[in-house]
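One structure is given here, and the rest of the page talks about it.
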Amino acid sequence: MLESIDHRLRQREYLLQISRAMTAQLDLVSVLSLVISYAVEMTAGTSGLIALYDEDGSDELRIRASAHLSREDWPAFARLLTLPLSEIPRRGEAVLREIAADTGLTLRQMIALPLVLRDTPVGVIYVFRAALNVAFSANDRQVLEDFADQAAIAVFNARLYQGVLREKQRLDATIEQSADGVMIIDSRWRIVTFNKAMEHLTGWSREEAIGRPCAEVLAIHNPQGVNICLVDCPLNRLPYIANPVVEGRIVTRDGRELFVQSRYAPQRGPQGQFLGAIANVRDITAQKQEEELQNTFISVISHELKTPVSIIKGYAGTLRREDVTFTPEQYREGLAVIEEEADRLARQIQDLLDVSRLTAGGLRLELTDVSLPLLAAEVVRGFAATAGERYQFELRFPDDMPPVRADYERVRQVLNNLVSNAVKYSPEGGTIRIGGWNEQDFAVCYVSDQGIGIPPEEQEAIFRRFYRVDNRLARETQGSGLGLFLTRAIVEAHGGRIWVESQVGKGSRFVFTLPLGRRKLVDLRRPAEAERASSGE
Numbered sequence: 000m001l002e003s004i005d006h007r008l009r010q011r012e013y014l015l016q017i018s019r020a021m022t023a024q025l026d027l028v029s030v031l032s033l034v035i036s037y038a039v040e041m042t043a044g045t046s047g048l049i050a051l052y053d054e055d056g057s058d059e060l061r062i063r064a065s066a067h068l069s070r071e072d073w074p075a076f077a078r079l080l081t082l083p084l085s086e087i088p089r090r091g092e093a094v095l096r097e098i099a100a101d102t103g104l105t106l107r108q109m110i111a112l113p114l115v116l117r118d119t120p121v122g123v124i125y126v127f128r129a130a131l132n133v134a135f136s137a138n139d140r141q142v143l144e145d146f147a148d149q150a151a152i153a154v155f156n157a158r159l160y161q162g163v164l165r166e167k168q169r170l171d172a173t174i175e176q177s178a179d180g181v182m183i184i185d186s187r188w189r190i191v192t193f194n195k196a197m198e199h200l201t202g203w204s205r206e207e208a209i210g211r212p213c214a215e216v217l218a219i220h221n222p223q224g225v226n227i228c229l230v231d232c233p234l235n236r237l238p239y240i241a242n243p244v245v246e247g248r249i250v251t252r253d254g255r256e257l258f259v260q261s262r263y264a265p266q267r268g269p270q271g272q273f274l275g276a277i278a279n280v281r282d283i284t285a286q287k288q289e290e291e292l293q294n295t296f297i298s299v300i301s302h303e304l305k306t307p308v309s310i311i312k313g314y315a316g317t318l319r320r321e322d323v324t325f326t327p328e329q330y331r332e333g334l335a336v337i338e339e340e341a342d343r344l345a346r347q348i349q350d351l352l353d354v355s356r357l358t359a360g361g362l363r364l365e366l367t368d369v370s371l372p373l374l375a376a377e378v379v380r381g382f383a384a385t386a387g388e389r390y391q392f393e394l395r396f397p398d399d400m401p402p403v404r405a406d407y408e409r410v411r412q413v414l415n416n417l418v419s420n421a422v423k424y425s426p427e428g429g430t431i432r433i434g435g436w437n438e439q440d441f442a443v444c445y446v447s448d449q450g451i452g453i454p455p456e457e458q459e460a461i462f463r464r465f466y467r468v469d470n471r472l473a474r475e476t477q478g479s480g481l482g483l484f485l486t487r488a489i490v491e492a493h494g495g496r497i498w499v500e501s502q503v504g505k506g507s508r509f510v511f512t513l514p515l516g517r518r519k520l521v522d523l524r525r526p527a528e529a530e531r532a533s534s535g536e
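Taken in order, the sequence shown gives residues 0 to 536; the numbers are from numbering that gives the first Met the number 0.
Written as structure tokens, this is what we have:
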């Protein structure tokens, strides 16, 4: 009687220890090893093992833990694992003898019970004895059932934990690989997650940022220079906004000034208390710059369009006055100004139409063979007549310069824009050169000046729509910021490219390429091929 009570007390103690182990850790193999060790001891077994079905629902059992069996012996039990539990009473002893013969283990008795969780089989627990004189009793089976229940719970908890862990790892990987900056803040507004994009965006390393207040690390400022995160956090505004958005300026730790947009997904308790939030932060500096350029463009183009209209209206109104007598020369001068301003207005309108076509992908070219030297000479004649004595124009093309395959009027527009800029940004005058050469299947053409030059950091930006170099001369000079944008678009539509070489104070050289015409491509062949091409063979 006392022995039975002691046995039950030990069983209860072991089950309590297993429960504590499952609470303290979620490592499945460790808990299962503890279960099978205690199960073997409580049923007076000599060894035992636990086998589980895979999570994918397959019918194959795999050993996950054992007591008093080495891992080298596990493969020998494969034939036992394929034996259905219903067949163990009839065929179990024969299988045990085969395993004993292969491993040298003393295996004479066996008891096996399924691990079942919510009516779903998850595995089998086996206990073996070396003795034959004492059979497994009903009490042993009850003890083993108790340990099997614990093993089933351990499997459930561990797999649940592993599932949560996998989801967390997947979420962490998604956050880490996000192109946008992502950070998570806790209920005290301190950063607990900070991804790689946030490091690049703010200049803060992850190690430094985590644990700090988000108002210190992100520090979004409004146009008045106030730290919104510190004094006007959108997560604190009443009434609460479901997914607030903040835009403003930040200064990164490495000195960059950016414009960012931060979208928040706050977590709140039953009474609305703040529990934390996920912030998705995006660099929208380029977008804001584009908006500012468009606003500037609207202002500039309004002025540019109004100016010739005002002049035309003024001269037309003056010339039609009946109380004033004008000489024929005065009439001609007035009409010349009206014509000049009308042409200027037409060019500006044409530029706007071209930009609209480019945006819609509708720039059409009428390709013919065009002589760059002749076209450049024609453009120069027009500028030389009006530019003044401060400017000298030089043409530097070889005598045998081949024609290009291009749209005549569009290439004229390119040269007009480049020569116009050369004159405009050379206020002291100087020599403006237009030249070129052929290089394989392309002609290379350039327009150079001795003007104010372009800073290196602006040499790529000048080809953007609405962009104008930020200097006093640019602000005082007429222009919509569309000329070089259209110039690049036209060159690239021909299959060429354009770039600028410039030094501040020394001038600029704009270089572009255009494909050579058909005649040159034939001439580049071997003489026999060229002769056949010219004869139509």
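Glycine included, C-beta positions come from ideal geometry on N, C-alpha and C.
Cα separation between Phe509 and Ala421?
9 Å
Mind checking whether Ala539 and Ile461 have CB atoms under 7 Å apart?
Not covered by the structure: residue 539. The range shown for the chain is 0 to 536.
Which of helix, strand or coil DSSP assigns to Met41:
helix
Beta bridge counterpart(s) of Ser501 as assigned by DSSP
Ser507
Throw me the rounded Cβ distance for the Arg346 and Val378 pair, which I believe falls under 8 Å.
So it is not a contact: roughly 14 Å between Cβ atoms.
So within the region 135-180, which uninterrupted alpha helix (DSSP H) runs reach at least 4 residues, ignoring any that extend past its ends?
137-176
Hey, quick one: how far does the alpha helix (DSSP H) through Leu79 stretch, first residue to last?
Ala77 to Leu80
In chain order, what residues of the same chain have a beta carbon less than 7 Å from the beta carbon of Gly516, not counting five sequence neighbours either side?
Asp368, Pro401, Pro402, Val403 and Arg404
Can you tell me whether Val191 is buried or exposed, with buried defined as 16 or more other CB within 10 angstroms of its CB?
exposed
Please name the residue in Ala129, Ser36 and Ile283 whose C-alpha comes closest to that of Gly247.
Ile283
Separation of Asn138 from Ser46, as counted between CA atoms
18 Å
Three or more beta-carbon pairs under 8 Å between the region 255-272 and the region 238-245, yes or no?
yes
Assign Val446 to buried or exposed, taking buried as 16 or more other Cβ atoms, counted over all protein chains shown, within 10 Å of its Cβ.
buried
To the nearest angstrom, how far is it from the Cα of Leu164 to the Cα of Ala492?
53 Å
Start-to-end residues for the alpha helix (DSSP H) that takes in Asn235:
Premise fails: Asn235 is in no alpha helix (DSSP H) and is neither H nor E.
How is the beta strand (DSSP E) around Gly275 delimited, first residue to last?
Phe273 to Asp282
Taking just the CA atoms, how far does Pro212 sit from Arg187?
8 Å
Considering only C-alpha positions, which residue in the set Ile184, Ser370 and Asp342 is nearest to Pro265?
Ile184
So what does Val443 bridge to, in DSSP terms?
Trp436 and Thr512
Could you tell me if Ile449 is buried or exposed, where buried requires 16 or more neighbouring beta carbons within 10 angstroms of its beta carbon?
Looking at the sequence shown, residue 449 is not Ile but Gln. The residue is buried, with at least 16 neighbouring Cβ atoms inside 10 Å.
In terms of residue numbering, what span does the beta strand (DSSP E) encompassing Pro269 cover?
Element bounds for Pro269: n/a, residue is neither H nor E.
Hey, could you find the ends of the beta strand (DSSP E) Val245 is sitting in?
Val244 to Val250
Whose CA, out of Arg128, Glu166, Val123 and Asp26, lies closest to the CA of Phe146?
Val123
With DSSP run on the structure shown, which of helix, strand or coil describes Ala208?
helix
Below 7 Å between beta carbons: does that hold for Thr42 and Val115?
no
Run the CB neighbour count on Asn194, radius 10 Å, all protein chains shown included, and call it buried at 16 or more, exposed below.
buried
If you run the structure through DSSP and keep just helix, strand and coil, what is Pro401?
coil
Among the candidates Ser65, Gly495 and Gly494, whose CA atom is the shortest distance from the CA of Ile35?
Ser65
Tyr239 burial status per 10 Å Cβ neighbour count (16 or more: buried)
exposed
Using the beta-carbon count (16 or more within 10 Å), is Asn437 buried or exposed?
buried
Could you please give the first and the last residue of the uninterrupted alpha helix (DSSP H) stretch that includes Glu92?
Ile87 to Thr102
Cα-Cα separation between Gln439 and Arg463, rounded to whole angstroms
29 Å
Considering only C-alpha positions, which residue in the set Pro455, Ala77, Ser370 and Tyr37 is nearest to Leu414?
Ser370
List the residues that DSSP assigns as beta-bridge partners of Phe193.
Met182
Do you know offhand how far Met197's Cα is from Leu344's?
48 Å
Grab me the residues of Asp72's own chain with a C-beta within less than 6 Å of its C-beta, minus the 5 sequence neighbours each way, in chain order.
Thr102
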